[in-house]
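Going letter by letter, the sequence shown gives residues 25 to 130 in my numbering.
Each residue gets a CB set at the ideal place from its N, CA and C atoms; glycine is no exception.
Source: prediction; values computed, not measured.
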Amino acid sequence: MEKVWEEWKTVVYPALESKVKEFETLGYKNIHIDEIWEMSVSQMKKRKADPALHTIVQTILHMKMHDYMQQKTIESYKKIEQKKNYDEALEEILAQVSGNVAEKVD
Numbered sequence: 025m026e027k028v029w030e031e032w033k034t035v036v037y038p039a040l041e042s043k044v045k046e047f048e049t050l051g052y053k054n055i056h057i058d059e060i061w062e063m064s065v066s067q068m069k070k071r072k073a074d075p076a077l078h079t080i081v082q083t084i085l086h087m088k089m090h091d092y093m094q095q096k097t098i099e100s101y102k103k104i105e106q107k108k109n110y111d112e113a114l115e116e117i118l119a120q121v122s123g124n125v126a127e128k129v130d
């Protein structure tokens, strides 16, 4: 299924470029086509049916800066939570390992 999405990406590339240029005119210079594409695909995958070409283009062109920033904020919170969970798991493993080492020393 991912291959199908990549084929669609080449077809709708002008719409992606247009959206990036729109965001650049609003002052957001570090937005990439791949980010817009991934957000659009994410939105379309939530729907049950495979989207038609006009639906894909509509999803891209109707994306608002608010939607983009909201998605980026959610992603950053998820990364923070994953890091927190990772840090907690690492601390737990280190505690277990150091506890096992202490037991062997005794």
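To which residues of the same chain is residue i closer than 8 Å at the C-beta, ignoring the five residues directly before and after it?
i, result
"E41", "I57"
Would you kindly report the start and end of the unbroken alpha helix (DSSP H) that includes residue i?
i, result
"P75", "Element bounds for P75: n/a, residue is neither H nor E."
"Y37", "37–49"
"K69", "57–69"
When we look at the beta-carbon of residue i and count the other beta-carbons within 10 Å, is it buried (16 or more) or exposed?
i, result
"T83", "buried"
"I117", "exposed"
"M63", "buried"
"I98", "exposed"
"I104", "exposed"
"V81", "buried"
Who are the near neighbours of residue i in its chain, counting only those whose CB is closer than 6 Å to its CB and skipping five residues on each side?
i, result
"Y52", "none"
"N109", "none"
Going by the C-beta, is residue i closer than 7 Å to any heavy atom of the ligand GTP?
i, result
"I98", "Of ligands this structure carries none, so the ligand GTP is not represented either."
Please list, in chain order, all residues of the same chain as residue i whose beta carbon is under 7 Å from its beta carbon, the five residues on each side excluded.
i, result
"W61", "K33, L40"
"K43", "I60, I84, L85, M87"
Alpha carbons only, please: which of the options is nearest the one belonging to residue i?
i, options, result
"S66", "K102, Q95, F47", "Q95"
"W29", "T49, K69, L50, E46", "K69"
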